[in-house]
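Line by line, the protein sequences give chains A and B. FYI, my numbering numbers position 71 of the first sequence as 71, with every residue one higher than the one before it. To convert, count from 1 in the second sequence and add 1000; that's my numbering. Worksheet for the structure shown next.
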Amino acid sequence: MLFFSYFKELVGKEVTVELKNDLEIRGTLHSVDQYLNIKLENTRVVDQDKYPHMLSVRNCFIRGSVVRYVQLPPDGVDIDILHDATRREARGA
Amino acid sequence: MSSWAGPEDVFLSTSLASYLDKKLLVLLRDGRKLLGILRSFDQFANAVLEGACERVIVGDLYCDIPLGLYVIRGENVVLIGELDLEKEELPAHMISVSATEIRRAQKAERDATDLKGSMRKRMEFLDLD
């Protein structure tokens, strides 16, 4: 639940999602769910020429299981709060 | 997500409900690109596409191969994209060809990749940097 809560804090921020098939998509985080499925709005593909089929896609749903990385803005989240939350979660587990 | 989303769930739900009855692009794990209208989905991202077709792209050539009514198992889904109807789906320089032509182009591309792979294997013994 920790990362679900973490991503909920990032809703509205610009992120770049890198998928396991090497596709990189930049967009605004619209929503996330317990499986860490991601919905992005206002999307732009990073290497557009390599992926012509993605040209008119502006919103998308990304299945959590295919995400490799989610690149965040450096000031996206307070790292200390995240650190505390992780320690609390580790203590409980 | 075991029941229909209530009004309070709408703002933070990654439900595919907002994509219902829309023309979508579905990317599959095997690299295939399916287009169609979403008629049904569930919590595993299983989906039903009506009027589905596979868009095969080889270089600047493309072909839409009609498939009909499709049920997609969610584990194969990479991405579901909403197509902006006001935008061009593909760059203008791309050329639509017949299914036979695109299959020929796919084979040619596969043969070129295989040849490249086998040549690399033959060069490996040289131990070049």
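Backbone N, C-alpha and C define an ideal beta-carbon position, used for all residues, glycine too.
Our contact map puts B/Val-1026 next to B/Val-1077 with C-beta atoms below 8 Å; I'd like the distance itself, whole angstroms only. Yes, they are in contact, since the Cβ atoms of B/Val-1026 and B/Val-1077 sit about 6 Å apart, within 8 Å.
Tell me the rounded alpha-carbon separation between B/Pro-1091 and A/Arg-91. Using only the alpha carbons, I get a separation of about 53 Å.
Within this structure, are the beta carbons of A/Val-57 and B/Gly-1081 separated by less than 7 Å? Contact: yes.
Under 7 Å by beta carbon: chain B residues contacting A/Lys-50: The contacting residues do not exist; A/Lys-50 stays about 11 Å from chain B at best.
Look at the Cβ atom of A/Val-15, then the Cβ atom of A/Leu-36, and state whether they are nearer than 7 Å. The answer is no: Cβ separation not under 7 Å.
In chain A, what lies closer than 9 Å to B/Tyr-1019 by C-beta? Result: Asn-59 and Phe-61.
Near-chain B residues of the segment 5 to 33 of chain A - C-beta to any C-beta below 9 Å: Using a CB distance below 9 Å, the part of the segment 5 to 33 of chain A facing chain B consists of Lys-8, Val-11, Leu-19, Lys-20, Asn-21, Leu-23, Ile-25, His-30, Ser-31, Val-32 and Asp-33, ordered along the chain.
Which residues in chain B have a C-beta closer than 8 Å to the C-beta of A/Leu-55? List them in chain order. Close partners of A/Leu-55 in chain B (Cβ separation under 8 Å): Lys-1087, Glu-1088, Glu-1089, Leu-1090 and Pro-1091.
Hey, out of B/Leu-1079, B/Glu-1086 and B/Arg-1120, whose CA is closest to A/Ile-62's CA? Nearest C-alpha to A/Ile-62: B/Leu-1079.
Measure the C-alpha to C-alpha separation of B/Val-1010 and A/Gly-12 and round it to an integer number of angstroms. Per-residue confidence for B/Val-1010 stands at a pLDDT of 44, beneath the threshold of 50, marking its modelled position as unreliable; the derived number appears in the next sentence. If you take the alpha carbons of B/Val-1010 and A/Gly-12, they lie about 15 Å apart.
Nearest by alpha-carbon distance to A/Glu-41: which of A/Ala-93, A/Ala-85, A/Val-17 and A/Tyr-6 is it? Measuring C-alpha to C-alpha distances from A/Glu-41 to each of A/Ala-93, A/Ala-85, A/Val-17 and A/Tyr-6 identifies A/Val-17 as the nearest.
Helix, strand or coil: how does DSSP classify B/Lys-1023 here? The answer is strand: DSSP assigns B/Lys-1023 an E or B state.
Work out the CA separation of A/Phe-4 and A/Asp-33 for me, nearest whole Å. Rounded to the nearest whole angstrom, the C-alpha separation of A/Asp-33 and A/Phe-4 is 7 Å.
Tell me, please, which residues DSSP counts as bridged to B/Asp-1064. Beta-bridge pairing links B/Asp-1064 to B/Arg-1055.
Looking at C-beta atoms only, is the number of pairs between the segment 1063 to 1072 of chain B and the segment 1041 to 1050 of chain B that lie closer than 8 Å three or more? Yes, the segment 1063 to 1072 of chain B is in contact with the segment 1041 to 1050 of chain B.
According to DSSP, is B/Lys-1033 part of a helix, a strand, or is it coil? Strand.
Per DSSP, which one or two residues make a beta bridge with A/Gln-71? DSSP output for A/Gln-71 lists A/Thr-16 as bridge partner(s).
Inter-residue Cα distance where the pair is B/Glu-1089 and A/Leu-55: About 6 Å.
Here's a check: name, in chain order, each residue in its chain whose Cβ is nearer than 7 Å to the Cβ of B/Ser-1003, leaving out the five neighbours to either side. Here the model assigns B/Ser-1003 a pLDDT of 47, short of 50, so the residue's position is not dependable and the matter cannot be decided.
Partner residues on chain A for B/Arg-1055, Cβ-Cβ distance less than 7 Å: For a Cβ distance threshold of 7 Å, residue set His-53 of chain A lies close to B/Arg-1055, ordered along the chain.
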